[in-house]
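Working notes for the structure below.
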Amino acid sequence: MDIEAVHTHEVASGDRSPTAPPSVDAMVDATPADRDRVVDLIRGLSIGVVVLWHWTLSVTDWSGGSLSMPNPIGEASGLWLLTWIFQVMPLFFVVGGFSNLAGWTSMLERRAVDPGRDRRPGRSFVWSRAKRLGLPAGAMLGTWVLLDVAIRLVRPGTPSVFSWGIVVFVPLWFLGVYGIVTSLVPLTARLHATAPTTTLTGMIAIIALADTVRFGAGVHAAGYVTTAGVWLFAHQLGYWWRDGTLDSAGRDSHVALTVLGMVGLVVTTNTGIYPRSTVAVEGEWLSNMFPTTAPIACLAVFQLGLVFLVRPAANRWLARSRRAWRTVVTVNAVAMTVFCWHMTAL
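With the working numbering applied, the sequence shown covers 3 to 348.
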């Protein structure tokens, strides 16, 4: 289940499509013994961290007729270091890659058994993912548009929410990027199957080249190429998790992965080009998040390494504790709704 897959039956029971979603307890009971529960844990934690971060570590302010959310990270010395742990969006793309490859592989396996079932699996896969993203996001956007129009009909001259409260739509940029990355799964999964190392290396090269053009030659538009490259790279790392490559690499490799990501973060954020904070900070001339920069790719590697170091113990705990696993299933069932509406609630 990705960010868009909050249909409760997918949390623990794969691709089954029952007529009515089962209860949380039924999903818990149906969880396969070999399920990698850490994927679900990270997904739920990621959404929770984003919501709590916005609710507690952003100073929501009304000034000049509009809402703003300056981040206080830059006001306290060394607080930027927290963002290397709690900026979890790269890790979310990693587990999205894991889940999307699982879904794509399952669709291809079903088609192999019954070739007449789906003659265009790529289109079917992308459409199913697009619906899961589009329906809840569209509901949120549509509700705001209707409310905005109604208020301005009742009180002519009232400013549009798009002028005073654009911050309520912050989740949509992320969903848009994630949707684009997901739409490329048929291509990126094929590249991974045929040339996994070359594909990942090529993405790293694109990120480095695009940022060089952006900051070296002053071509600002190159930042959007880096943005695409970074999120595709993080998503592609999830394929390496899903196909077992990272599992078979062993603990020493997981330590090396963590160190590599950390070194990348330290080096890139001390070049004088990139800020140290991986979230936007008021007063900084640049945000690492958008247009996304190379340090975010390093952050994805660093966080993935950390996850693999704690993953064996975390999986054992989630398998042993019904209460913990039930909480994870419950959170994932409402994650998309919470994500779409948390800025409105704030």
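Ideal placement from N, C-alpha and C gives every residue a C-beta, glycine not left out.
Return the bridge partner residues of residue i from the DSSP annotation.
i, result
"Ser289", "DSSP lists no partner for Ser289."
"Ser65", "Ser68"
Quick check: the Cα distance between residue i and residue j, rounded to an integer number of angstroms?
i, j, result
"Val417", "Ala141", "Because residue 417 is not part of the residues shown, which for the chain are 3 to 348, the question remains open."
"Pro199", "Leu186", "Reading off the sequence, residue 199 comes out as Thr, not Pro. One C-alpha to the other measures close to 18 Å."
"Thr145", "Ala347", "13 Å"
"Pro74", "Leu47", "22 Å"
"Asn317", "Arg37", "9 Å"
"Arg131", "Thr184", "7 Å"
"His11", "Ala32", "Below a pLDDT of 50, predicted positions are generally treated as unreliable, and His11, at 37, falls in that range; no measurement from the model is reported."
"Pro299", "Leu248", "It should be pointed out that residue 299 corresponds to Ala in this sequence rather than to Pro. Computed Cα separation, rounded: 17 Å."
"Leu135", "Arg253", "35 Å"
"Trp202", "Gly67", "It should be pointed out that residue 202 corresponds to Leu in this sequence rather than to Trp. Going from the Cα of Leu202 to the Cα of Gly67 covers about 46 Å."
"Val336", "Val53", "13 Å"
"Val330", "Val90", "17 Å"
"Asp245", "Asp42", "17 Å"
"Phe127", "Thr160", "42 Å"
"Ala296", "Thr270", "8 Å"
"Ile275", "Ala321", "44 Å"
"Pro123", "Leu59", "43 Å"
"His237", "Tyr180", "9 Å"
"Val147", "Phe171", "11 Å"
"Met345", "Ala35", "37 Å"
"Ser70", "Trp55", "15 Å"
"Leu311", "Leu259", "10 Å"
"Met291", "Val281", "6 Å"
"Leu262", "Ser65", "43 Å"
"Val96", "Leu239", "6 Å"
"Trp242", "Glu111", "19 Å"
"Phe100", "Ala152", "42 Å"
"Phe235", "Leu103", "14 Å"
"Phe176", "Phe341", "10 Å"
"Gly225", "Thr214", "10 Å"
"Gly50", "Leu267", "24 Å"
With 16 other CB atoms within 10 Å as the buried threshold, where does residue i fall?
i, result
"Arg324", "exposed"
"Ile182", "exposed"
"Leu155", "exposed"
"Val265", "exposed"
"Asn334", "buried"
"Pro173", "buried"
"Asn272", "exposed"
"Pro277", "buried"
"Ala212", "buried"
"Pro138", "buried"
"Asp63", "exposed"
"Ser279", "buried"
"Ala302", "buried"
"Arg157", "exposed"
"Leu93", "buried"
"Pro314", "exposed"
"Ser108", "exposed"
"Thr339", "exposed"
"Leu366", "Here the chain has residues from 3 to 348 only, and residue 366 is not among them."
Exercise for review: Determine, using beta-carbon pairs with one atom in the region 188-198 and one in the region 304-316, whether at least three such pairs fall under 8 Å.
Suggested key: no
Review point. Pairing CB atoms from the region 208-218 with CB atoms from the region 150-168, are three or more of them under 8 Å?
Key: no
Check your understanding: Unbroken alpha helix (DSSP H) runs of length 4 or more, entirely within the region 60-146: which are they?
Key -> 85-88, 91-115
**Study point:** Sufficient close CB pairs (3 or more, under 8 Å) joining the region 221-237 to the region 204-211
**Key:** yes
Practice item. Run through the region 237-314 for me and flag every whole alpha helix (DSSP H) of 4 or more residues, listed as ranges in chain order. Key: 247-251, 253-270
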